[in-house]
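Residue numbers (the working numbering), protein chains in the order written: chain Z, 1297 to 1521; chain A, 6 to 127.
All C-beta atoms, glycine included, are put in the ideal place defined by N, C-alpha and C.
Here the structure comes first, spelled out in structure tokens, and everything after it is commentary.
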């Protein structure tokens, strides 16, 4: 009888340890990611405490890299982890520049650091990006029409067409945008850019495209892979 | 009565000034041109901006081409900046800037374009 009690007590302790380890592990990623982000001075270029309060071009030009305070609403986690391990330019031009090419010198992180930093960045979300509005990756003809005909989005954003990268160079590339971006973010940005990126070179489409066109364009962009 | 008028004038001034500041990111038309237009039309206005890649369906307009630019009217230019190419039977590659720029900023850009083309519009 005593042996059975001991066995159950042992099993209970082991079970509790497994639970505690599990909880600790799920917390470790974001917390360690945040400390890696801080120790590597990522905040020198990237804003993580939003919202962005830029009022002028001069304010915008002070930033050396894109805002990350809504990274968890914008990016797809798997892509983010992979990119941090092996960063390749997303913008043909340097951030905030239409004169200098992107030097492609973003620091590389190790596998563990990349996973932790991605975990941390995914915790940074914006209340202005509603979840579950856009169905990512689903073909959308109306979106294609908006992207290519109603507006000439590829005038600034590089895209892949017939196996070749074409389009303008001033905007971030859309070549693999479906792997990188959440459709809900694209839609939220089109609908209310001021809440996310108040000063930008891109025209404002709020009041120009209707709500359906914005959702359609966002969904279409998530099919680029 | 005088007090009421004074308050009204002050309120109008306050709203005008603050709404104006809220809308405008630039200090001048040159700054707006450099920020928005130069992406396609080039920093010198010669149509050779970074978006003027060989695969684009149209070439951005050369704003320094006096003869070409002189064919346009002030309203043509204002309309194409505000509503984009589609709204003025031109290429949709010219996007609409009417929600990014105020009417006053668009008018100032027209004045800036006159300097670039060394012409006056019809």
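- The C-beta distance from residue 1477/Z to residue 1366/Z rounds to 12 Å, too long to fall under 8 Å, and the pair is not in contact.
- Residue 1492/Z sits in a helix when the DSSP states are folded into three classes.
- For the pair of segments examined, the stretch 81 to 89 of chain A was found to touch the stretch 106 to 114 of chain A: the number of CB pairs separated by less than 8 Å reaches three.
- Put simply, the backbone Cα of residue 60/A is about 12 Å away from that of residue 98/A.
- Beta-bridge analysis with DSSP links residue 1443/Z to no other residue.
- In this structure, residue 1439/Z and residue 1332/Z do not form a Cβ contact; the two beta carbons are roughly 37 Å apart against a cut-off of 8 Å.
- Residue 1455/Z is bridged by DSSP to 1462/Z.
- Contact of residue 112/A with chain Z is not assigned, every C-beta pair being separated by 8 Å or more.
- Closer than 8 Å to the CB of residue 69/A there is not a single CB belonging to chain Z.
- A straight line joining the alpha-carbon of residue 1326/Z with that of residue 1408/Z spans about 12 Å.
- When 1355/Z, 1359/Z and 1447/Z are compared, the shortest CA-CA separation from residue 1339/Z is found for 1359/Z.
- With respect to the 8 Å criterion, residue 52/A and residue 37/A are not classified as neighbours on the basis of their beta carbons.
- Put simply, the stretch 1426 to 1434 of chain Z does not touch the stretch 74 to 83 of chain A. Fewer than three CB pairs are less than 8 Å apart.
- Cα atoms of residue 1329/Z and residue 45/A: separation of roughly 39 Å, rounded to the nearest angstrom.
- Scanning 117/A, 101/A, 103/A and 33/A for the CA closest to the CA of residue 69/A turns up 117/A.
- In chain order, 43, 44, 48, 54 and 55 make up the part of chain A whose C-beta sits under 8 Å from the C-beta of residue 1394/Z.
- Residue 118/A carries a helical assignment under DSSP once its states are collapsed to helix, strand and coil.
- Between residue 1495/Z and residue 1350/Z, the C-beta gap is smaller than 8 Å, which places the two residues in contact.
- As DSSP reads the structure, residue 1498/Z sits in no beta bridge.
- Residue 1389/Z carries a strand assignment under DSSP once its states are collapsed to helix, strand and coil.
- Chain Z places a beta carbon closer than 8 Å to that of residue 60/A, counting this residue as a contact.
- When the alpha-carbon of residue 1361/Z is set against those of 1352/Z, 1385/Z and 1436/Z, the nearest one is in 1385/Z.
- One Cα belongs to residue 1492/Z, the other to residue 126/A, and the distance between them is close to 38 Å.
- Residue contact check for residue 75/A against chain Z: no CB pair falls below 8 Å.
- Per DSSP, the continuous alpha helix (DSSP H) segment holding residue 34/A begins and ends at 34 to 37.
- At a cut-off of 8 Å between beta carbons, residue 1495/Z contacts chain A.
- By the CB criterion at 8 Å, residue 1471/Z and residue 1520/Z fall inside the cutoff.
- The stretch 1401 to 1442 of chain Z is shown to contain whole alpha helix (DSSP H) runs of 4 or more residues at 1407 to 1417 and 1437 to 1441, in chain order.
- Within chain Z, the residues placing a beta-carbon under 8 Å from that of residue 104/A are 1499, 1500, 1501, 1502, 1503 and 1504, ordered along the chain.
- Following the DSSP letters along the chain, one finds residue 1363/Z in no alpha helix (DSSP H), marked with neither H nor E.
- Within chain Z, no residue has its CB atom less than 7 Å from the CB of residue 116/A, the nearest being about 19 Å off.
- For residue 1505/Z, the secondary structure class from DSSP, reduced to helix, strand or coil, is strand.
- Taking the C-beta atoms as reference points, residue 1417/Z is found nearer than 8 Å to residue 1376/Z.
- Contact annotation: residue 104/A and residue 1451/Z have beta-carbon atoms that are not nearer than 8 Å.
- For residue 1353/Z, the uninterrupted alpha helix (DSSP H) segment begins and ends at 1353 to 1357.
- Of all residues in the stretch 1339 to 1359 of chain Z, the ones placed with a Cβ closer than 9 Å to any Cβ belonging to chain A are 1350, 1351, 1352, 1353, 1354, 1355 and 1356, in chain order.
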